[in-house]
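> Chains as they are written, first to last, in the UniProt record's numbering: chain A, 1 to 604; chain B, 1 to 604.
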């Protein structure tokens, strides 16, 4: 099946191909004979996937689209302050080849006009055996994800015709804005303008900017986020020459155009767009390039004002652990103590990308918790990205919770947040599942509020909650038919596909159950502790084990073997009946627990 | 517990209070005697929650911060094109009281400088018995969420001292940019500048812009999204006078300042910030206002380039229904057919806010599905916001799936997406839970690939999958002890808290199970169909019903009453044993199903 996005781009391409206004750039002889009908559109997603239509593999010179990338490299080489001292970040309101130097200092208005671009080129360092230009070319290539090269013909032609840029460079030298011999600077600047790219290259370069400076396919961090932020800011206000305001209003994406007909636009975090069509408007921008960007921004809501909607529902739920009990059965007394103290343990369920707004929702909820809350569980299983500010908020929250005498647990399959907090010296419990975190909360609450009633670390099968409904005598009778087994950390107790071999009662330690996930790799299902059972799942139609069960630390289990069960059913049907009834109850306690776990997500 | 954000703002307030540069505005006598130490900061979240520190309830005149709001009202009154004909959207590079009219036409550069602001005021209509100024004041009040008023003293003082604005207005009149008598325009302009606000008011006004023009507390849609987008675009490039580029680079939020010391900044979708501190810098902006905005942007990563990261993980999973089977037991033959055709039914699980990038991930996956996929389930239970473009993508996808002969099902607790698709004439199945959608897929696959093997619509209890392990004879024996019950749509069959009354077998129709959710309101747990059982959950420790079970359409159920079960246990222990064992197996089939449902979310 074709993608609707391909269809959409085809439609846009056909419609905008009718736009015949403008003329290709003709001031440089080597660029004069271009086919004005060349027309390519590439929409690259921030993860590197591309949609393309038209002449997207045709090469042309990058021209002024080189400016933001050289500026970025200069910022990385010299630091923000040193570059700012030489080049301002203000829209000039002038066209690309205006002089626009500040009175007195000679500082160019920004790095997107020629004067600022020449200065940026002069600020790039040669290093590590690579000349300045070699480093510029390598940077462009890293942005594009392939080795780019210079058109010697266009370079020579530019060098011969670029009188105005020669003048600019000498003027900048006279103000000491360019501090070295201007000739090599002019040469490198013309070389960078003559780098040959395709629409696809430009789209990948734009997508790398959209992806915080990391090329989405090579995974190369070409530029750090700080210079990327600066480059995109300057592209936003100064990228489209004297059209800055109209561009921001109608397109709302940082952009840059070049006189060879290229145009790029970047929606941070989302897309890189590139268009190639040589005929230019009066501002020196591609007529169709501008039209495509306007059209896509409007149709696909790519304007930065629209794109910013995030994190409004980062806090998906906040509730006490009574809503999602562990399902562990306890003595009547312990259960009563727990019931009276459930509100002291609170779960906050977070979701999506955590930017400031999401983190704010979390700390707002934390700050408003009742005074008697002692334990806080942050359930991060549905969180995608944790921004720097969100991570700092986690640290602040951990600190304030500790100050208030509260304990913090984090549920996080990947564990990155908990790990980072622990590295910073915060006292945090980390769990892979919410059930495990709730179990910890229950134990903590019992320890704090009824020290005597804490579940013993070792629960023999005749004390197992699963068998409790049978009464003590029958449970002892059953226990006498069991065998004790011990396992070391990581040992497999039951493997997926094995035949039903009996019901296992965990006396001490923990086991982990695993199965193949939707994408083929293994997923953890849950962690079971003392007093819980496993093995019954192999009771299914083909009586085979559906999960792998592994020891998580040293484990002692007691097995009621399948043969003993068969013998019971034959000779002691009343005891067998009690046994199965008890297991049915136990199973439905778990069904209910899982229903509650999923219910949080299906509210209406 | 205090919020770490309150602590943070306190720290920033203390630190930046040390900044003593600048002088309060003194050109208007009525504004001259202000306390330069007044200093308030309000950070309003897009949902209306506010953090405030300092003199946030002190009133001062709004001055130029009125400009974007009047401009928005003019855009709403006259439409984009008519306003654009009178006022451009380009940064002027000039200070606020520069003339900045275009040569020849006299068109002001933008609506944030005085010339453009006077023009915007002239474009607002009087209507519905309200004068132009009354409508302006009402709009500001709606943005603030409370009735604002004018300081007559400041107004009179402005009117007397504002010679330059008088000159501007007459100049604009001479160019026919202002088309009516300039005097009432000047008066209304000075009145709008003299509207009294607090820092809190300004923060709510900014938050309303951040919230797409809807006041987050009153829920009033003060301005449509299109003019809001335009206003924020112009604030981004022209809001901070000749500092536009530096502002975009260092703060990256659309903003506006006023000479009385107010400053607002807006991060679309996230926050509205307001600061009040009278001493001004050389550009006429509040020294501390600028400092606070810069500091918060940097510390909290509020720059639009950072804030844009969304939708990268919108597609949470894509897998066939074999990963999450319905758990309905079928004949060996039907089960085989199903197993051979599982890959023909595909689930795409989506997540978070669906902007373009998220919708793109979905259609990309759809376009890449194997040719033999016949059924597509979009699981939207974790989706928060569906943007306009995402909704159009859903429609496009529905259309293309239909063209390719594929059927579409949507899992969506709220049902809005499915409803909208159906209204547009698309053929869509809607479900509240994934289990229900999977059940539908299984039935469809059986109908298409083994028409004879479809589960009959009515399953009597002796044919129930739950009792299948007992063998036909014992199942019939049990069925003879059951009673038949029928219910109409919506009738409650079992209510939460009721005592265990037996095990229910669904013969035909569906039931819905519900329980109180984490936030107190009811949540749907799941929908059960013919051949499935309920009531066993009341087997828990206190033998009470844990969920409410309601008929979803007409339902026929068969109940094995609690008394019959007790009688069986007493007199036919072997049959009772077989019964409980069968139920244990059935329960663990469900445990396994739920484990798989949650496992999708805990991959490592």
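Backbone N, C-alpha and C define an ideal beta-carbon position, used for all residues, glycine too. These numbers were taken from a predicted model, which means no experiment stands behind them.
With 9 Å as the C-beta to C-beta threshold (strictly closer), list the residues of the region 3-22 of chain B near chain A in chain order.
3, 4, 5, 6, 7, 8
> Tell me which residues of the region 26-54 of chain B have at least one Cβ-Cβ distance to chain A shorter than 9 Å, keeping chain order.
43, 45, 46, 47, 49, 51
> Taking residue 365 (chain A) as the reference, which of A:166, A:316, A:14, A:16 has the closest Cα?
Numbered from 1 along the first chain, position 365 holds the residue referred to as residue 365 (chain A). Among A:166, A:316, A:14, A:16, the Cα nearest to that of residue 365 (chain A) belongs to A:316.
> Identify the residues that DSSP records as bridge partners of residue 190 (chain B): which are they?
Locating residue 190 (chain B) in the second chain gives position 190, counting from the first residue. None, per the DSSP bridge assignment.
> Less than 7 Å between the beta carbons of residue 238 (chain A) and residue 112 (chain A), yes or no?
Start at 1 with the first residue of the first chain, and residue 238 (chain A) comes out as number 238. Start at 1 with the first residue of the first chain, and residue 112 (chain A) comes out as number 112. Yes, Cβ-Cβ distance for residue 238 (chain A) and residue 112 (chain A) is below 7 Å.
> Output yes if chain B places a C-beta closer than 7 Å to the C-beta of residue 591 (chain A); else output no.
Taking the first chain and counting its residues from 1, one reaches residue 591 (chain A) at position 591. Chain B contact via Cβ: present.
> My output table needs one value for residue 512 (chain A): the three-state DSSP class, helix, strand or coil.
The residue given as residue 512 (chain A) occupies position 512 in the first chain. In the structure shown, residue 512 (chain A) sits in a strand (DSSP, three-state: E or B).
> Tell me which same chain residues have a C-beta within less than 8 Å of the C-beta of residue 305 (chain B), skipping the five on either side of it?
Here residue 305 (chain B) refers to the residue found at position 305 when the second chain is read from its first residue. Counting only Cβ-Cβ distances below 8 Å, and skipping sequence neighbours, we find 252.
> Check residue 604 (chain B) in the structure and name its three-state DSSP category.
Here the question's residue 604 (chain B) lines up with position 604 in the second chain. Summary for residue 604 (chain B): the model assigns pLDDT 33, below 50, so the residue's position carries little reliability; its value from the coordinates is reported in the next sentence. Correct three-state label for residue 604 (chain B): coil.
> Taking Cβ-Cβ distances shorter than 7 Å, what residues in chain B pair up with residue 249 (chain A)?
For the purposes of this step, residue 249 (chain A) is identified with residue 249 of the first chain, where counting begins at 1. Result: 89, 230, 233, 234.
> State yes or no: is the C-beta of residue 206 (chain A) within less than 7 Å of the C-beta of residue 136 (chain A)?
As a working mapping, residue 206 (chain A) is identified with position 206 in the first chain. As a working mapping, residue 136 (chain A) is identified with position 136 in the first chain. For residue 206 (chain A) and residue 136 (chain A), no; Cβs fall outside 7 Å.
> Mind checking if residue 396 (chain B) is an interface residue toward chain A, Cβ cutoff 7 Å exclusive?
Numbered from its first residue, the second chain carries residue 396 (chain B) at position 396. Yes, residue 396 (chain B) counts as interfacial toward chain A.
> Between which two residues does the beta strand (DSSP E) holding residue 274 (chain A) run?
Position 274 of the first chain, counting from 1, holds the residue named residue 274 (chain A). Residue 274 (chain A) -> beta strand (DSSP E) spans 271-276.
> Would residue 170 (chain A) be called buried (16 or more neighbouring beta carbons within 10 Å of its own) or exposed?
The residue you call residue 170 (chain A) lines up with position 170 of the first chain. Exposed is the call here.
> Mind pulling the chain B residues with CB within less than 7 Å of residue 295 (chain A)?
Counting from 1 along the first chain, the entry for residue 295 (chain A) is found at position 295. The premise fails here: residue 295 (chain A) is roughly 13 Å from chain B at the closest Cβ pair, so nothing lies under 7 Å.
> Could you check if residue 368 (chain A) is buried or exposed, using at least 16 other CB atoms within 10 Å of its CB as the buried criterion?
Taking the first residue of the first chain as 1, we reach residue 368 (chain A) at position 368. Result: exposed.
> Less than 7 Å between C-beta atoms, sequence neighbours within five positions excluded: which residues of the same chain meet that for residue 22 (chain B)?
Locating residue 22 (chain B) in the second chain gives position 22, where the first residue counts as 1. Excluding positions up to five away in sequence, the list reads 279, 280, 281, 287.
> For a contact meaning CB atoms closer than 7 Å, what does residue 393 (chain B) contact in chain A?
Translated into positions along the second chain, residue 393 (chain B) becomes position 393. The answer, in chain order, is 4.
> Is residue 484 (chain A) helix, strand or coil by DSSP?
In the first chain, the residue the question calls residue 484 (chain A) occupies position 484. DSSP places residue 484 (chain A) in strand when its eight states are reduced to three.
> Which of the three DSSP states, helix, strand or coil, is assigned to residue 534 (chain A)?
Position 534 of the first chain, counted from the start, is the residue given in the question as residue 534 (chain A). DSSP places residue 534 (chain A) in strand when its eight states are reduced to three.
> Do you know offhand how far residue 490 (chain A)'s Cα is from residue 552 (chain A)'s?
Position 490 of the first chain, counted from the start, is the residue given in the question as residue 490 (chain A). Position 552 of the first chain, counted from the start, is the residue given in the question as residue 552 (chain A). Each residue's alpha carbon lies about 6 Å from the other.
> Name the residues in the region 105-116 of chain B whose C-beta lies less than 7 Å from a C-beta of chain A; which are they?
110
> CB-CB under 7 Å to residue 145 (chain A), same chain, minus the five flanking residues each way: which ones, in chain order?
Here residue 145 (chain A) refers to the residue found at position 145 of the first chain. Contacts found: 204, 215, 217, 218.
> How would you write the range of the beta strand (DSSP E) that residue 263 (chain A) sits in, first residue to last?
Here residue 263 (chain A) corresponds to residue number 263 of the first chain, with the count starting at 1. In the DSSP assignment, residue 263 (chain A) falls within the unbroken beta strand (DSSP E) covering 262-267.
> Give every residue of the same chain whose Cβ lies closer than 8 Å to the Cβ of residue 7 (chain B), excluding the five residues on either side of it in the sequence, and list them in chain order.
Numbered from its first residue, the second chain carries residue 7 (chain B) at position 7. Cβ neighbours of residue 7 (chain B) beyond the five flanking positions: none.
> By the criterion of Cβ-Cβ separation under 9 Å, what are the contact partners of residue 431 (chain A) in chain D?
The structure shown has no chain D; the protein chains it does contain are A and B.
> Cutting at 8 Å between CB atoms, please list the residues of its own chain near residue 406 (chain A), excluding the five before and the five after it.
For this step, residue 406 (chain A) is matched to residue 406 along the first chain. Contacts found: 373, 374, 375, 376.
> How many whole angstroms separate the CB atoms of residue 72 (chain B) and residue 54 (chain B), which I take to be in contact at a CB cut-off of 8 Å?
Here residue 72 (chain B) is taken as the residue at index 72 of the second chain, counted from 1. Here residue 54 (chain B) is taken as the residue at index 54 of the second chain, counted from 1. 28 Å between Cβ atoms; not a contact.
> Could you check the C-alpha separation between residue 181 (chain A) and residue 149 (chain A) for me, to the nearest Å?
The residue you call residue 181 (chain A) lines up with position 181 of the first chain. The residue you call residue 149 (chain A) lines up with position 149 of the first chain. Spanning the alpha carbons of residue 181 (chain A) and residue 149 (chain A) requires a straight line of approximately 25 Å.
> Could you please tell me which residues of the region 355-380 of chain A, in chain order, have their CB closer than 7 Å to any CB of chain B?
355, 356, 357, 360, 363, 364, 366, 367, 369
> Could you run through the region 192-214 of chain B and flag, in chain order, every residue whose CB is less than 7 Å away from some CB of chain A?
none
> Along the chain, where does the beta strand (DSSP E) containing residue 380 (chain A) start, and where does it finish?
For the purposes of this step, residue 380 (chain A) is taken as residue 380 along the first chain, with counting starting at 1. Per DSSP, residue 380 (chain A) belongs to the beta strand (DSSP E) from 375-386.
> I believe residue 258 (chain B) touches residue 64 (chain B) by the beta-carbon criterion, under 8 Å. Please report the beta-carbon distance rounded to the nearest angstrom.
The residue labelled residue 258 (chain B) in the question sits at position 258 within the second chain. The residue labelled residue 64 (chain B) in the question sits at position 64 within the second chain. Contact flag correct, Cβ pair sits at about 4 Å.
> Quick one: list the residues of chain A neighbouring residue 416 (chain B), beta-carbon separation under 8 Å, in chain order.
The residue given as residue 416 (chain B) occupies position 416 in the second chain. Simply none; closest approach about 11 Å.
> Return the CA-CA distance between residue 417 (chain A) and residue 211 (chain A), expressed in angstroms with no decimal places.
Locating residue 417 (chain A) in the first chain gives position 417, where the first residue counts as 1. Locating residue 211 (chain A) in the first chain gives position 211, where the first residue counts as 1. C-alpha separation (whole angstroms): 22 Å.
> So with Cβ pairs under 7 Å, would you call residue 478 (chain A) a contact of chain B?
As a working mapping, residue 478 (chain A) is identified with position 478 in the first chain. By this cut-off, residue 478 (chain A) is not an interface position.
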